[in-house]
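**Q** First the structure, then my questions, so here it is.
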Amino acid sequence: MPSLAKITTSPDLTFDALVDGEPGAPLVLLLHGFAESMNCWRAQVAALADMGYRAIAPSQRGYSKGARPDPRDASHYHIDRLMDDAIAIAAASGYSEARFHLAGHDWGGSIAWALADRHAERIASLTILSRPHPNAFNRALAMEDGDQAHRSRHHKAFLEPDAADIVLAEDARWLRERLAANGVPVTAIEEHLAVLGNKDAMQGALAWYRARGAIRSPLGPIRVPTLYIWGDADDTVGRIAAEGTVDFVAAPYRFEVLPGVGHFAADQAPERVSELMLEHVQAHPV
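The sequence shown runs 2 to 287 under my numbering.
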């Protein structure tokens with residue numbers, strides 16, 4: 002069963018993490034997105050461990066109380082810092098030189114795409130949930146039909162100074178309704194709110210949006226074997242961006258559509274996501 006661990010990467014950064022599997026076994030590092038936490042990967046962490054992997058799912062910068070630099074300084078949450086954290090967590094877990102498998106959902110997917118672009122030699126396989134390749138996403142955002150721009154309209158609201166208060170108002174009503182509308186079970190919602198349902202954590206999470214500029218810069222073609230999982234009921238990522246991701250992967254690529262599944266696929270369809278991920282990592286050993 003997954004257990005809670007603390008992973009220290011520097012004197013100022015200690016991350017909470019769900020871990021399972023034998024230390025030294027092939028590593029799978031799983032990066033969550035907004036508005037969730039490490040708990041979105043609970044089923045996958047257990048499934049991967051059962052199949053002989055060491056699975057680590059950290060609550061990332063801003064989400065972990067021990068890794069929450071001042072969110073008023075957006076430079077602390079620049080994409081490069083988030084990427085550095087992932088590599089440092091792998092190193093602190095005993096995988097400083099080893100290749101490893103990488104998975105990311107939503108914002109974690111953005112970080113994972115960037116890591117695969119910059120550190121392809123370290124990544125044995127890439128699994129992405131709900132987040133198109135940034136080039137495909139930007140291309141869809143610029144289209145005249147405005148569909149993807151409409152789906153992403155909440156990003157601008159998150160830049161407002163009072164965004165944390167608004168998201169957490171009335172016992173985090175907006176967040177609860179958003180997750181529930183995407184089929185996230187009540188128990189999972191409570192697990193995420195246990196991490197994110199306070200103002201300090203929410204301000205750290207929203208700082209990612211305020212520092213997001215670098216993610217919009219083009220990446221090169223991804224040269225890591227990639228599995229991209231997208232739910233066709235995702236209200237934030239349209240079909241054009243999802244299907245267009247293939248144009249930016251120059252490696253074995255698998256695109257899996259989950260019918261009726263929304264943005265939070267790991268919570269809504271955990272067994273299917275685990276099945277697909279296991280097939281992928283086993284097909285591309287470290």
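Glycine included, each C-beta is placed from N, C-alpha and C at the ideal position.
1. Give the secondary structure of residue 49 by DSSP, where H, G and I count as helix, E and B as strand, and everything else as coil.
2. Does the contact criterion of 3 or more C-beta pairs under 8 Å hold for the stretch 18–36 versus the stretch 101–108?
3. Starting from residue 168, follow the alpha helix (DSSP H) in both directions and report where the run begins and ends.
4. Who are residue 130's beta bridge partners in DSSP?
5. Please classify residue 79: is it buried, with 16 or more other beta-carbons within 10 angstroms of its beta-carbon, or exposed?
6. In this structure, how does DSSP classify residue 111 when only helix, strand and coil are distinguished?
7. Put residue 247 into one of helix, strand or coil per three-state DSSP.
8. For residue 216 and residue 47, what's the separation of their Cα atoms in angstroms?
9. Have a look at residue 13 and residue 203 and give me their C-alpha separation to the nearest angstrom.
10. What residues match up with residue 16 in a beta bridge as DSSP calls it?
11. Assuming residue 21 and residue 65 make a contact with CB atoms under 8 Å, what is their CB distance in whole Å?
12. So, with DSSP's three-state summary, where would you put residue 297?
13. Suppose contacts are defined by Cβ-Cβ distances below 8 Å. Is residue 141 in contact with residue 241 by that definition?
14. Using only CA atoms, which one of 239, 68, 228 and 107 lies nearest to residue 146?
15. Going by DSSP, name the residue or residues bridged to residue 21.
16. Should residue 81 be labelled buried (16 or more other beta-carbon atoms within 10 Å of its own) or exposed?
17. Residue 211: which of 192, 174 and 163 sits nearest, CA to CA?
18. When DSSP labels each residue in this structure, what does residue 195 get in the three-state scheme?
19. Are the beta-carbon atoms of residue 180 and residue 190 separated by less than 8 Å?
20. Nearest to residue 280 by alpha carbon, out of 107, 226 and 244?
21. Below 7 Å CB to CB, which residues in the same chain sit around residue 85 once its five sequence neighbours on both sides are set aside?
22. What are the partner residues of residue 258, as DSSP defines its beta bridges?
23. Once the 5 residues before and after residue 175 are set aside, which same chain residues still bring their CB inside 6 Å of it?
24. Cα-Cα, which of 236, 244 and 248 is closest to residue 152?
25. Note down the Cα distance separating residue 208 from residue 245, rounded to an integer number of angstroms.
26. Note down the Cα distance separating residue 4 from residue 143, rounded to an integer number of angstroms.
27. According to DSSP, is residue 142 part of a helix, a strand, or is it coil?
28. Only counting the same chain, and skipping five residues up and downstream in sequence, which positions put a Cβ closer than 6 Å to that of residue 184?
29. Nearest to residue 31 by alpha carbon, out of 232, 284, 116 and 135?
30. Quick test of your reading: residue 39 and residue 11, contact by CB under 8 Å. State the CB separation rounded to the nearest angstrom.
**A** This is what the structure holds:
1. On the sequence shown, position 48 is the one that residue 49 refers to. Note: residue 49 maps to helix in three-state DSSP.
2. yes
3. The residue given as residue 168 occupies position 167 in the sequence shown. Counting along the chain, the alpha helix (DSSP H) containing residue 168 begins and ends at 164–182.
4. Sequence index remark: in the sequence shown, residue 130 carries index 129 (1-based). In the DSSP output, where bridge partners are listed per residue, residue 130 has 106 and 230.
5. Position 78 of the sequence shown, counted from the start, is the residue given in the question as residue 79. Label assigned to residue 79: buried.
6. Against the sequence shown, residue 111 aligns to sequence position 110. Three-state result, residue 111: helix.
7. By 1-based counting over the sequence shown, the position of residue 247 is 246. Residue state, collapsed to three classes: helix.
8. As a working mapping, residue 216 is identified with position 215 in the sequence shown. As a working mapping, residue 47 is identified with position 46 in the sequence shown. Per-residue confidence for residue 216 stands at a pLDDT of 45, beneath the threshold of 50, marking its modelled position as unreliable; the derived number appears in the next sentence. Distance between the alpha carbons of residue 216 and residue 47 is about 31 Å.
9. The sequence position of residue 13 within the sequence shown is 12, counting from 1. The sequence position of residue 203 within the sequence shown is 202, counting from 1. Cα to Cα, residue 13 sits roughly 19 Å from residue 203.
10. As a first step, residue 16 must be located in the sequence shown, where it is residue number 15. Residue 16 pairs with 8.
11. The residue labelled residue 21 in the question sits at position 20 within the sequence shown. The residue labelled residue 65 in the question sits at position 64 within the sequence shown. With 8 Å as the limit, residue 21 and residue 65 do not qualify as a contact, their Cβ atoms being about 18 Å apart.
12. The question about residue 297 has no answer, for the chain in this structure spans 2 to 287.
13. As a position in the sequence shown, residue 141 is number 140, starting the count at 1. As a position in the sequence shown, residue 241 is number 240, starting the count at 1. Yes; because the gap between Cβ atoms is below 8 Å, this pair is in contact.
14. Within the sequence shown, numbered from 1, the residue matching residue 146 stands at position 145. Taking only the C-alpha atoms, the option nearest residue 146 is 239.
15. Against the sequence shown, residue 21 aligns to sequence position 20. DSSP output for residue 21 lists 56 as bridge partner(s).
16. By 1-based counting over the sequence shown, the position of residue 81 is 80. Flag for residue 81 reads exposed.
17. The count along the sequence shown starts at 1 and reaches residue 211 at position 210. Measuring from the Cα of residue 211, the nearest candidate turns out to be 163.
18. By one-based count along the sequence shown, residue 195 stands at place 194. Three-state DSSP puts residue 195 in a helix.
19. As a first step, residue 180 must be located in the sequence shown, where it is residue number 179. As a first step, residue 190 must be located in the sequence shown, where it is residue number 189. Yes, Cβ-Cβ distance for residue 180 and residue 190 is below 8 Å.
20. Taking the sequence shown and counting its residues from 1, the one referred to as residue 280 is at position 279. It is 226 whose Cα lies nearest to the Cα of residue 280.
21. The residue labelled residue 85 in the question sits at position 84 within the sequence shown. Once the five neighbours on either side are set aside, residue 85 has no close Cβ partner at all.
22. Working through the sequence shown from its first residue, we reach residue 258 at position 257. In the DSSP output, where bridge partners are listed per residue, residue 258 has 231.
23. What you label residue 175 is simply residue 174 of the sequence shown in a count that begins at 1. Correct list, in chain order: 168.
24. Your numbering for residue 152 matches position 151 in the sequence shown. Out of 236, 244 and 248, 236 has the C-alpha closest to the C-alpha of residue 152.
25. Residue mapping note: residue 208 aligns to position 207 of the sequence shown, counting from 1. Residue mapping note: residue 245 aligns to position 244 of the sequence shown, counting from 1. Those two C-alpha atoms are separated by around 28 Å.
26. Translated into positions along the sequence shown, residue 4 becomes position 3. Translated into positions along the sequence shown, residue 143 becomes position 142. Approximately 43 Å between the Cα atoms of the pair.
27. What you label residue 142 is simply residue 141 of the sequence shown in a count that begins at 1. The answer is helix: DSSP assigns residue 142 an H, G or I state.
28. For the purposes of this step, residue 184 is identified with residue 183 of the sequence shown, where counting begins at 1. Contacts found: 263 and 269.
29. Numbered from 1 along the sequence shown, position 30 holds the residue referred to as residue 31. Out of 232, 284, 116 and 135, 116 has the C-alpha closest to the C-alpha of residue 31.
30. As a working mapping, residue 39 is identified with position 38 in the sequence shown. As a working mapping, residue 11 is identified with position 10 in the sequence shown. That pair is no contact at about 19 Å.
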